[in-house]
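Contents: one structure, followed by commentary.
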Amino acid sequence: MDNPIPIFPLNLVLFPNTDLPLHIFEDRYKQMVEYCTSHTQPVGIILIKDGNEVGNYATPYNIGTFGHITSTSHNTDGTIEIIIRGQEKFKIEELLYDK
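1391 is the number of the first residue of the sequence shown in my numbering; add one for each residue after it.
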(Lines of atoms letter the chains of each structure in order from A and count residues from 1; the text may use other names and numbers.)
(Lines give C-alpha, C1' and ligand atoms only; values in the text may rest on other atoms or scores of the structure.)
Protein backbone atom coordinates (compact mmCIF):
# COMPACT_ATOMS: atom_id res chain seq x y z
CA MET A 1 0.00 0.00 0.00
CA ASP A 2 1.47 3.34 -1.04
CA ASN A 3 -0.06 5.74 1.45
CA PRO A 4 -1.94 4.29 4.44
CA ILE A 5 -4.60 6.60 5.90
CA PRO A 6 -5.66 6.42 9.57
CA ILE A 7 -9.25 5.17 9.83
CA PHE A 8 -11.84 6.39 12.32
CA PRO A 9 -14.75 3.89 12.37
CA LEU A 10 -18.00 5.51 13.53
CA ASN A 11 -21.72 4.77 13.62
CA LEU A 12 -22.37 7.53 11.10
CA VAL A 13 -21.53 8.61 7.57
CA LEU A 14 -19.48 11.72 6.84
CA PHE A 15 -20.40 13.37 3.56
CA PRO A 16 -18.05 15.52 1.49
CA ASN A 17 -18.22 19.25 2.28
CA THR A 18 -19.77 18.70 5.71
CA ASP A 19 -18.29 19.24 9.18
CA LEU A 20 -18.23 16.59 11.89
CA PRO A 21 -17.54 17.63 15.51
CA LEU A 22 -16.08 14.81 17.65
CA HIS A 23 -15.12 14.41 21.30
CA ILE A 24 -11.95 12.28 21.40
CA PHE A 25 -11.22 10.37 24.61
CA GLU A 26 -9.61 7.04 23.66
CA ASP A 27 -5.80 7.11 23.67
CA ARG A 28 -5.46 5.47 20.25
CA TYR A 29 -7.64 8.17 18.66
CA LYS A 30 -5.93 10.99 20.57
CA GLN A 31 -2.63 9.72 19.13
CA MET A 32 -4.19 9.58 15.68
CA VAL A 33 -5.43 13.18 15.99
CA GLU A 34 -1.98 14.37 17.10
CA TYR A 35 -0.33 12.52 14.20
CA CYS A 36 -2.79 13.78 11.59
CA THR A 37 -2.60 17.40 12.72
CA SER A 38 1.20 17.45 12.98
CA HIS A 39 1.65 15.82 9.54
CA THR A 40 -1.32 17.48 7.77
CA GLN A 41 -2.57 13.95 7.16
CA PRO A 42 -6.19 13.21 6.20
CA VAL A 43 -8.24 10.75 8.21
CA GLY A 44 -10.74 8.26 6.84
CA ILE A 45 -14.19 8.30 8.40
CA ILE A 46 -15.93 5.00 7.77
CA LEU A 47 -19.24 3.48 8.85
CA ILE A 48 -19.07 0.53 11.25
CA LYS A 49 -20.49 -2.69 9.81
CA ASP A 50 -20.04 -4.79 12.95
CA GLY A 51 -18.83 -3.84 16.43
CA ASN A 52 -18.75 -0.66 18.48
CA GLU A 53 -17.09 2.75 18.34
CA VAL A 54 -15.44 2.25 21.75
CA GLY A 55 -13.17 -0.60 22.79
CA ASN A 56 -12.15 -3.40 20.46
CA TYR A 57 -11.58 -2.89 16.75
CA ALA A 58 -14.80 -2.63 14.76
CA THR A 59 -15.37 -4.12 11.31
CA PRO A 60 -15.99 -1.25 8.87
CA TYR A 61 -17.69 -1.10 5.50
CA ASN A 62 -15.23 -0.63 2.65
CA ILE A 63 -16.38 2.84 1.51
CA GLY A 64 -15.72 5.99 3.52
CA THR A 65 -14.89 9.68 3.27
CA PHE A 66 -11.52 11.37 3.57
CA GLY A 67 -11.58 14.27 5.98
CA HIS A 68 -9.18 16.88 7.29
CA ILE A 69 -9.08 18.00 10.90
CA THR A 70 -9.84 21.71 10.72
CA SER A 71 -10.04 22.50 14.43
CA THR A 72 -8.71 21.04 17.68
CA SER A 73 -9.21 22.05 21.29
CA HIS A 74 -7.50 20.23 24.17
CA ASN A 75 -9.54 19.92 27.37
CA THR A 76 -8.11 19.89 30.90
CA ASP A 77 -9.22 16.26 31.36
CA GLY A 78 -7.01 15.14 28.45
CA THR A 79 -9.80 14.78 25.90
CA ILE A 80 -9.79 16.62 22.58
CA GLU A 81 -12.59 18.37 20.71
CA ILE A 82 -12.09 18.27 16.93
CA ILE A 83 -13.90 19.20 13.77
CA ILE A 84 -13.34 17.08 10.66
CA ARG A 85 -14.29 18.47 7.24
CA GLY A 86 -15.37 15.80 4.75
CA GLN A 87 -13.47 15.90 1.44
CA GLU A 88 -14.09 12.97 -0.92
CA LYS A 89 -15.14 9.31 -0.93
CA PHE A 90 -12.62 6.47 -0.88
CA LYS A 91 -12.59 2.68 -0.98
CA ILE A 92 -10.54 0.56 1.42
CA GLU A 93 -8.08 -1.67 -0.41
CA GLU A 94 -6.54 -3.22 2.70
CA LEU A 95 -6.93 -2.77 6.47
CA LEU A 96 -3.73 -2.52 8.49
CA TYR A 97 -4.21 -2.76 12.26
CA ASP A 98 -1.45 -0.82 13.98
CA LYS A 99 -2.54 1.06 17.12
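Backbone N, C-alpha and C fix where the C-beta goes; we use that ideal spot for every residue, glycine too.
Test item: CB-CB of residue i and residue j under 8 Å
i	j	result
isoleucine 1474	glycine 1457	yes
isoleucine 1472	valine 1423	yes
glutamate 1478	proline 1406	yes
isoleucine 1397	glycine 1434	yes
cysteine 1426	isoleucine 1470	no
glycine 1476	threonine 1430	no
alanine 1448	proline 1394	no
tyrosine 1419	isoleucine 1436	no
leucine 1404	threonine 1455	yes
Coarse secondary structure for residue i, derived from DSSP in three states
i	result
glutamate 1483	coil
glutamate 1416	coil
tyrosine 1447	coil
valine 1403	coil
threonine 1427	helix
Chain-order list of residues whose beta-carbon lies under 6 Å from that of residue i (same chain, five-residue window excluded)
i	result
leucine 1402	none
leucine 1410	Leu1404 and Ile1474
Candidates the options, of which the one nearest residue i by Cα
i	options	result
glutamate 1416	Asp1467, Leu1485 and Lys1481	Asp1467
beta-carbon residue i near the ligand MG non-hydrogen atom, thresh 7 Å
i	result
isoleucine 1453	Questions concerning the ligand MG fall outside what the structure shown contains, since it holds no ligand whatsoever.
Contact set for residue i: own chain, Cβ-Cβ below 8 Å, skip 5 residues either direction
i	result
glycine 1480	The amino acid at residue 1480 is misidentified as glycine; the sequence shows phenylalanine. Excluding sequence neighbours, phenylalanine 1480 sits near Ile1395, Gly1434, Ile1453, Gly1454, Thr1455 and Phe1456.
proline 1432	Ile1395, Cys1426, Phe1456, Gly1457, His1458 and Gln1477
Other residues of its chain near residue i: CB distance less than 7 Å, five sequence neighbours each side excluded
i	result
histidine 1413	Thr1469 and Glu1471
- Where in the segment 1454 to 1482 do unbroken runs of the alpha helix (DSSP H), each at least 4 residues long, occur, reported from the N-terminal end onward? none
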